[in-house]
Amino acid sequence: MCRWFAYISDSEPCLLDDILNRPENSIVKQVKEHYLPGLFPHKSAEEDKKQEAESAIRNAHFNNDGTGVAFYNKTMQDYGEAKRRMPQIYKTIIAPTNDVNFQSLCRNTSSRTVFAHVRMATSEVQQFNSHPFAFGRHIFMHNGSVANFSSIRRDLCAKLSTRAYNNIKGSTDSEHLAALYMTHLGDDWTVQYGLENMKRALERAIADIIALQRKLPDATTPLAASSLNVCTTDGEELLAFRFRSSEVEQPPSLYYSTSAGVTLNRKYPGHPNYFKWEDPGDAATGLVGPDELRPEAYGNHVIVASEPTTKVALLAASLSPFAASALSFTRPDLVLNGESPIFTQSRWSWTDCGLPSDGVQIKSIEVSPDPPKPGQDLTVTVIATADQPIEEGAYADVTVKLGLIKLLNKRFDICEEARNANATIQCPVQKGDHTVVQTVALPKEIPRAKFTVDVKGYSADEEDLACVKLNVDFMLGHNLW
């Protein structure tokens, strides 16, 4: 199983040597060694053993089939070839410990945004197949595999924009997934699209993959599982995604920290290579750390990695295993799990997570009473425009979460649900503007927590209809009602 490492900061450059080579469990060492603390939540002795056995099988391979590193600098900007920092990419099929060019690059390069990847090949071992993959200012890397890739590859390519297709240089499922993501993100690779659009594009790409797998003539039930641990950035914002298309199997490992960077920077006391500069002659060692720097002075940053980079310092710096979901980070605030609802009320919000090409465009959502009150009927009014008819067979995938805990993950027949609920609009729904009013009974006892409802609608032909995310906050208890 491949391994990757990502670092982003609004103000604090890191030396590649300090983050990729020097640490006790650096990504260079992860070519042959693995360290996965706290990966599985304890359930039962039998379940623990099963998960540990699956992890052992996935992590038994060496990641020595390719090395890649991407870092952003101002060179093209300084020479008038770009308007902002652009990624520099170095790829090789030589093991990083034996690559003198890689070692020299790490010793002499620092950046505020760094991606690194070591590969365990499932296709040809060649330089083009090493990660990360670049699309203008955007870079993309992946750990895992797309199930049945050879069977869906032709249909997947048919979904790609001409520019994204022409940018593919290798043969990996990862690069094709990256091209599909960029197809959904947009054809202008010089602009910053923002985290909401990045998340939406990645969700669409994964949905496309699963839809193609479902259409295979020999598709199994359940489908063969895909592992999609993805990280992508435009140099200013970072999106990391941990996912496996299985209801029972764990995705590959992923960890994050928002405070561990200081332990990986030789300028700060406590780093193994920290050196107090007492005499100018000591500068010849190259290990120089200004004595006045203190850990609390370290800039905002985020580290996301397949494995912890150190076995002591990183764990002590608020390291956490990833849940099976997306994390997003943005400068300058570096917001963890950052949400950007486009319509916000006092205790609830909704986000149109769809695309302009979707069959239904949501114009507004209103609730009454506002805010929602436990034990009372909640009336929801949705105004939308249907750009295509909604016919029998249309369905919606609905996920309800309390934090990162899934309370419900179910598929609903849209037309059948409308009939059962005596909704104000019934199938077939014709093109045009529509207002849908629906009343639901809220239970009297609702935990004081934040709930998220994700609704993704599809036509009978598996075409995207709409995507809506609702957030309801019951954290304030009786102040709500």
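All letters in the sequence shown, in the order written, are residues 1 to 481 by UniProt numbering.
Every residue, glycine too, gets a C-beta built ideally from N, C-alpha and C.
Since the model is a prediction, treat every value here as computed from it, not as a measurement.
Rounded distance between the beta-carbons of residue j and residue i, thought under 8 Å
{"i": "L20", "j": "V69", "result": "7 Å"}
{"i": "C106", "j": "L16", "result": "4 Å"}
{"i": "T232", "j": "F140", "result": "5 Å"}
{"i": "I93", "j": "V125", "result": "6 Å"}
{"i": "T309", "j": "P132", "result": "The Cβ separation is near 18 Å, so there is no contact."}
{"i": "W189", "j": "F135", "result": "5 Å"}
Neighbourhood of residue i by C-beta, 6 Å cutoff - its chain only, sequence neighbours within 5 removed
{"i": "N409", "result": "T399"}
{"i": "S364", "result": "I383"}
{"i": "P96", "result": "V28, T67, F102"}
{"i": "L336", "result": "Because the pLDDT of L336 is 42, which lies under 50, any placement of that residue in the model is unreliable, and the question is left without a value."}
{"i": "T452", "result": "K401, N471"}
{"i": "K91", "result": "G68, Q127, S130"}
Contacting residues, own chain, Cβ-Cβ under 7 Å from residue i (five flanking each side not counted)
{"i": "A201", "result": "Y181, H184, L185"}
{"i": "K431", "result": "A386, D387, Q388, P389"}
{"i": "N73", "result": "R85, Q88, S111"}
{"i": "A205", "result": "L177, L180, Y181, H184"}
{"i": "N167", "result": "F135, A179"}
{"i": "A421", "result": "Q438"}
Residue i (DSSP reduced to helix, strand or coil)
{"i": "S130", "result": "coil"}
{"i": "L160", "result": "coil"}
{"i": "L238", "result": "strand"}
{"i": "E366", "result": "strand"}
{"i": "F135", "result": "strand"}
{"i": "L185", "result": "helix"}
{"i": "P374", "result": "coil"}
{"i": "F149", "result": "helix"}
{"i": "G432", "result": "strand"}
{"i": "A441", "result": "strand"}
{"i": "N300", "result": "coil"}
{"i": "R396", "result": "Just to set this straight, residue 396 is Ala in the shown sequence, not Arg. Strand at A396."}
{"i": "L319", "result": "For L319, the predicted structure reports a pLDDT of 37, less than 50, and the residue's modelled location is therefore unreliable. A value from the coordinates is still provided. L319 falls in the coil class under three-state DSSP."}
{"i": "P96", "result": "helix"}
{"i": "T172", "result": "coil"}
{"i": "A260", "result": "helix"}
{"i": "A466", "result": "strand"}
{"i": "L216", "result": "coil"}
{"i": "M86", "result": "strand"}
{"i": "S11", "result": "coil"}
{"i": "Y165", "result": "helix"}
{"i": "I210", "result": "helix"}
{"i": "D387", "result": "coil"}
Same chain, Cβ closer than 8 Å to residue i, five either side skipped, listed in chain order
{"i": "R244", "result": "G144, A225, S226, S227, L228, Q250, P251, P252, A324"}
{"i": "P369", "result": "Q376, L378"}
{"i": "P443", "result": "P374, G375"}
{"i": "S459", "result": "G359, Q388, I390, E391, G393, A394, L465"}
{"i": "R411", "result": "Y395, A396, D397, V398"}
Beta-carbon spacing of residue i, residue j below 8 Å
{"i": "A396", "j": "I425", "result": "no"}
{"i": "A147", "j": "L160", "result": "no"}
{"i": "D78", "j": "R137", "result": "no"}
{"i": "Y268", "j": "V304", "result": "no"}
{"i": "G194", "j": "E12", "result": "no"}
{"i": "V348", "j": "P372", "result": "The question names Val, but residue 348 is Trp in the sequence shown. Yes, they are a contact pair."}
{"i": "H142", "j": "S171", "result": "no"}
{"i": "C427", "j": "G354", "result": "no"}
{"i": "V302", "j": "L238", "result": "yes"}
{"i": "C2", "j": "G261", "result": "no"}
{"i": "D18", "j": "L264", "result": "yes"}
{"i": "Q30", "j": "E307", "result": "yes"}
{"i": "T435", "j": "T381", "result": "yes"}
{"i": "F128", "j": "K83", "result": "no"}
{"i": "residue 487", "j": "T75", "result": "For residue 487 there is no data in the structure shown, the boundaries of the chain being 1 and 481."}
{"i": "K450", "j": "D473", "result": "yes"}
{"i": "E462", "j": "A211", "result": "yes"}
{"i": "L254", "j": "R266", "result": "no"}
Cβ of residue i within 8 Å of any chain B Cβ
{"i": "T351", "result": "No chain B is present in this structure, which holds just one protein chain."}
Residue burial classification, residue i (beta-carbon count within 10 angstroms, cutoff 16)
{"i": "N108", "result": "exposed"}
{"i": "Q213", "result": "buried"}
{"i": "T162", "result": "exposed"}
{"i": "V248", "result": "exposed"}
{"i": "P41", "result": "Low confidence applies here, because P41 scores a pLDDT of 46, under 50, leaving its location unreliable and the question unanswered by this model."}
{"i": "D187", "result": "exposed"}
{"i": "S26", "result": "buried"}
{"i": "V440", "result": "exposed"}
{"i": "residue 489", "result": "No information on residue 489 is available, as it lies outside the stretch 1 to 481 that the chain covers here."}
{"i": "D433", "result": "exposed"}
{"i": "D218", "result": "exposed"}
{"i": "L240", "result": "In the sequence under discussion, the amino acid at residue 240 is Ala, which differs from the Leu named in the question. Classification of A240: buried, given that the 10 Å Cβ count is 16 or more."}
{"i": "A164", "result": "buried"}
{"i": "K469", "result": "buried"}
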